[in-house]
Each structure stands twice: as structure tokens, then as C-alpha cells.
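Heads up: the structure comes next, in C-alpha cells.
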Amino acid sequence: MIVTRIPPSPTGHLHIGTARTALFNYLFAKSQGGKMVFRSEDTDKARSRPEYEEEIVNGLRALGIDWDNEEITRQSERGPVYRRYLEEGIGKGAFYVSREDSKQSPGETVEVVRLKNPNKSITFTDLIRGDITFDTTELGDLVVARSLDDALYHFTVVVDDQEMGVTHVLRGEDHISNTPRQILIQEALGFSRPVYAHLPLILAADRSKLSKRHGAVAVEEYLKEGFLPAAILNYLALLGWNPGTDQEIFTKEELVAQFKIENVHKSGAVFDKQKFRWINKQHLDRLDTAEYAALLRRHWPERLATLPQYNEERVDRLLPVIRERAETMADVRQWAEAGEYDFAFQTPSYATDLLRGKNEAPLTDIERHFTYLKSTLSEADFSSPDAIKAAIWDYADREGRGAVLWPLRVALTGRERSPDPFNSAYIIGRDETIKRLDDALTTHVKMGQ
RNA sequence: GGCCCUAUCGUCUAAUGGUUAGGACGUUGCCCUCUCACGGCAAAAAUCGGGAUUCGAAUUCCCGUAGGGUCACCA
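Numbering-wise (this note's numbering), the first sequence opens with residue 28 and increments by one.
Written as C-alpha cells, this is what we have:
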């Protein structure tokens, strides 16, 4: 049985690179009927924090990446296990205790444990890159533990992978050079060698390893920005992998069904926010209305609810208009905060010039159109934007669409750019539509004459 | 610098010896259109360079070049 692992170090937020590695381990294991285990690599006491472990666990779960060990393995709790293997290795002569100056606290003398390097050439087969050979001589007698009770990363990884039955190690390309060290330790301990697969890195626009200085790298930040977990998963999967078909939008299940390690790339992939946003829109489009409404309300700026005409019915009518444009919930929030949707919940105010438009339509024309529209709309079918459109389209077409529709839209929304007048009228309802036409007439047309 | 990895449109990628080098994002143009969007159609846009093998190379090999990763008593 295939067993993969996801071994984050809880020294920071859940990095999208970590999430991507976790995803590939998950997809590889699940697509082969195997398992994935989670291990917290918290041996660095100074930098590891429980909050980070919690954020990583929650973030991965939010994305739908779960693991098969009930209890998370924590390296900080396995000191005795490492000590046992250390002592065993020293007994066999594979490691030795070395008395030297401490690098951690200079001036002190400590007894570190070093590997007795056999100085050989090691070749391992990488599932993605083929055979890779290193001469380990340059590694020297590497330190594997600060003391018998304080094993270091390479040692703990090797011991835990062995004890947890890990068969396949899928990790970032930045670990390639770590592999020969770990193989040396495995061989010193008499362990078997797992299969390795080094994934291409996620790159920033400048093609260097994506890091904090390039902007948002934490999964949490994208979740907050309103990216859907399914979209994050989808986009991450496409960075370095593709199914060999033109399909680009996937559910998690489709990913599991189609994932093949042979289709994983060798070269790094630049993280492209634009494409990510587009992917998110595709997933947004696949939500049903109730799901979308719930999502929208979670990201809705509170200020809108304080507007005088705010009610849920209008929000529901506004939803399709928002939905057709928004690529992320952050877009919606931004537009809402810029006042683009205020018209739905309060009477707009605007300049007469805006009402007249670029062509500086005579106010007498606007008065004539509005008088007609008022009487027509007071009897029109308001059950849908299309019905409203049907009621006034012929008139607008005859009189000049721009001449009729532009001032109508401005009277209803007060904005240079807004949803179309049919949707706008539908959102605010018949009474409010008539009222706003009246307002336009008294405030702008009559005053201006 | 040593070691290691990589190299197809700006970006993500398809094509595993024979294609007008395909698709997607983005960009540009056109259509739709009262505005902003959405949508539809179209266009521009790539095999890093040089050798070798071969009837034939994006694809195999070699040499360059470029980019990246890594060189801890961090993980």
C-alpha cells in the first residue's frame, strides 16, 4: 500500500507551496488507493508555534485535503524514539559523538552526534526527473543531532518516514539536495529507501521561489479574499500538472480520478493571479443560487445594511447583477465599498449634467420621456428585468435608445456606470422606480427650466 | 563559486521523430450594447543558441547560454 506524507513545519502560515505539495501527495495517494499521513515537524522549539500548526491543519481541511492518521504525529513528542535510534546507530559505529564548540551558544562545549560519512556516490531514482547522482563526500560528517535528546531535521525525517511506513516522498524541488543526506542516514540505520518525487517549485513573476516578499503566499489570505477552496485546489493542481486534455476546471474528485504522476512537470511554474481569478470565476459560476447568496452575505460590507431601503429581497434581486461580473468576493466588497450598489438601498443624488448625458440632452426631452415612462411603468409587469425591458423597449427604440435609457438609468442609479436600467428598476421595484423618476423631474428638470 | 535541477507564445501548458507547433489566461480588434460589465467572434504572440544522429528533430545526444534550487548544531 502506498503511503505518502505531508510534513509541514509549524513555523509560519500555510504557504500555498505547502498546500500544493500536500495536494499532490493527497492526489497521488488517493488515486492509487493509498494513504497520506500528517506529521508536524516541530523540532525547532524556538520557531515552532501551536497557532501555526492549527492554522495549517485548518487551512488544509478547508481546502478539502485530509489525512489518514487520527492523531497528528509531532516530532517534539518523539524524543525518546530518536534517542533510541541514535544510540543504536552509535552502537553500530554508524554515528559518533563529537565534543566541540556549540554553534548555538558559542563558548559552550557540547557533544553533538555526527554521521560517519562513507564518502560514496549515491544515485536515486526520482519519479519525475529520473536518476540523480550525488557525491556525498562534500557533505562531510554531517551533524544529525545536537545531543542524544535533540535530533535534527534530517534524522527525524528518516526515522519518522520509516516508522510511519511512508513509501513515497513527494516534496518540493528545493529538497533534492537534501535527499542524499537522508539516504546516508537511512543506510546507516539499515532502513529501506522510499520512492522520491521532487515537484517543481511555484515561482513568482521574476521566476524566483515564491515567498512573502512577492505578496500573498498564505492560503488563509486567499480564503479571506474570497477565493473558493475548490478554486484554490484547482489552480494549485494546474501548477505543474495537467491531465493531457483541454479540461481546466476540476472538482477534487475529478482531480483524484485523473491525476497521474507522469503528467507532473519538471520545470517551475509562475503563479498567475489573473488565471487564478478566472479559475475562481468558473467555480463561482458552478454554484447554485443559494450557495452564492450565502457566500455573498459572508463578504457583504456591513455599511450596506445600514442604508435606509436595505432589505433582503433587494439583495436577492441584486445578486444576479453582481454575479455576472465578480471574479472573487473581494471584487464585490470593493465595488460595494465604492458605492456601486448604494442605489439599490437609497435614493441617489447626482448632478443635472449627468442626467443630460454626454449629448447634453434638452431637459424638455427628458421631461417628455419621463412622463411617458412613469405612466407606462406604473402599469408594467415588474416580475423580471426582461418584462420591464419589454414594456419600454419599443418606445426607447423609437425615440432613440440613448436619449431614453441613459437618463432613465441615471435617475434610478445616480451613476455614470451602473447596471442597466431594466435590472435597476427591477431591483428597486415599481414604487421606488416611479418615485425616482418624480425626483428627477422635480429636482433637476423643473428646477433647470 | 561547488553541487544539483530546468529550458515551447508575456503566463499555465499540449504535441513522447513527420502537426499550418494546439488549447487556456492575459492583450488587441470587431460584434452585442444607454454606461460599466458579461457574452460571442477574430487576431497578434513560442520551440534559448550551436553542433551531432536521422530521409526527417520542439522531441534523442553533446557543448554552450540563461534561469532556478541548495550548500546550518533551520526545516
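C-beta: ideal position from N, C-alpha, C; glycine also.
Since the structure is predicted, the reported quantities are computational estimates derived from the model, not experimental observations.
In this structure, does DSSP put W327 in helix, strand or coil? Residue numbering aside, residue 327 sits at position 300 when the first sequence is read from its first letter. Residue state, collapsed to three classes: coil.
Determine which residues share a DSSP beta bridge with E138 and list them. Position 111 of the first sequence, counted from the start, is the residue given in the question as residue 138. Under DSSP, E138 takes part in a beta bridge, and its partners are R126.
Buried or exposed, going by whether 16 or more other CB atoms sit within 10 Å of the CB of G295? To locate residue 295, count along the first sequence from 1; it is residue 268. Buried, since its Cβ has 16 or more Cβ neighbours within 10 Å.
Residue burial classification, E354 (beta-carbon count within 10 angstroms, cutoff 16): Locating residue 354 in the first sequence gives position 327, where the first residue counts as 1. By the 10 Å Cβ count, E354 comes out buried.
Taking only the alpha-carbon atoms, compute the straight-line gap between Y123 and A215 and give it to the nearest angstrom. For the purposes of this step, residue 123 is taken as the residue at position 96 of the first sequence. For the purposes of this step, residue 215 is taken as the residue at position 188 of the first sequence. Whole-angstrom Cα-Cα distance: 12 Å.
Candidates D343, E80, D95, P37: which alpha carbon is nearest G456's? Looking up residue 456 in the first sequence gives position 429. Ranking D343, E80, D95, P37 by Cα distance to G456 puts D343 first.
In terms of DSSP beta bridges, what is Y223 paired with? Here residue 223 corresponds to residue number 196 of the first sequence, with the count starting at 1. According to DSSP, Y223 bridges with D153, V196.
Let me know the secondary structure DSSP gives R32 once reduced to three states. On the first sequence, residue 32 is found 5 positions in, with the first residue counted as 1. DSSP places R32 in strand when its eight states are reduced to three.
Quick check on this structure: which residue in A172, A231, D153 has the alpha carbon closest to the alpha carbon of R198? Taking the first residue of the first sequence as 1, we reach residue 198 at position 171. Checked all of A172, A231, D153; the closest Cα to R198 is D153.
To the nearest whole angstrom, what separates the beta carbons of I210 and L142, a pair I think is in contact under 8 Å? Position 183 of the first sequence, counting from 1, holds the residue named residue 210. Position 115 of the first sequence, counting from 1, holds the residue named residue 142. Contact doesn't hold; Cβ gap of about 11 Å is too wide.
Span separating the alpha-carbon of P446 from that of Q301: Numbered from its first residue, the first sequence carries residue 446 at position 419. Numbered from its first residue, the first sequence carries residue 301 at position 274. Looking at the two C-alpha atoms, the distance is approximately 24 Å.
What does K62 pair with, by DSSP beta-bridge criteria? Start at 1 with the first residue of the first sequence, and residue 62 comes out as number 35. Within the DSSP secondary-structure output, K62 pairs in a beta bridge with V30.
Give every residue of the same chain whose Cβ lies closer than 7 Å to the Cβ of D95, excluding the five residues on either side of it in the sequence, and list them in chain order. Along the first sequence, one-based indexing puts residue 95 at 68. Excluding residues up to 5 positions away in sequence, K62, M63, V64 lie with their Cβ nearer than 7 Å to the Cβ of D95 in the same chain.
Mapping DSSP to helix, strand and coil, what is A178? Stepping through the first sequence from its first residue, residue 178 is reached at position 151. Looking at A178 - three-state DSSP - the assignment turns out to be strand.
Residue burial classification, D479 (beta-carbon count within 10 angstroms, cutoff 16): Given that the chain is displayed from residue 28 to residue 476, the structure contains no residue 479 and the question cannot be resolved.
So, helix, strand or coil for S410, using DSSP? Taking the first residue of the first sequence as 1, we reach residue 410 at position 383. The DSSP-derived three-state label of S410 is coil.
Secondary structure of I276, DSSP reduced to three states: Taking the first sequence and counting its residues from 1, one reaches residue 276 at position 249. Shown here, I276 sits in coil according to DSSP, grouped into three states, outside any helix or strand.
Using only CA atoms, which one of M191, M356, V348 lies nearest to H310? By one-based count along the first sequence, residue 310 stands at place 283. Closest in C-alpha terms to H310, from the list M191, M356, V348, comes M356.
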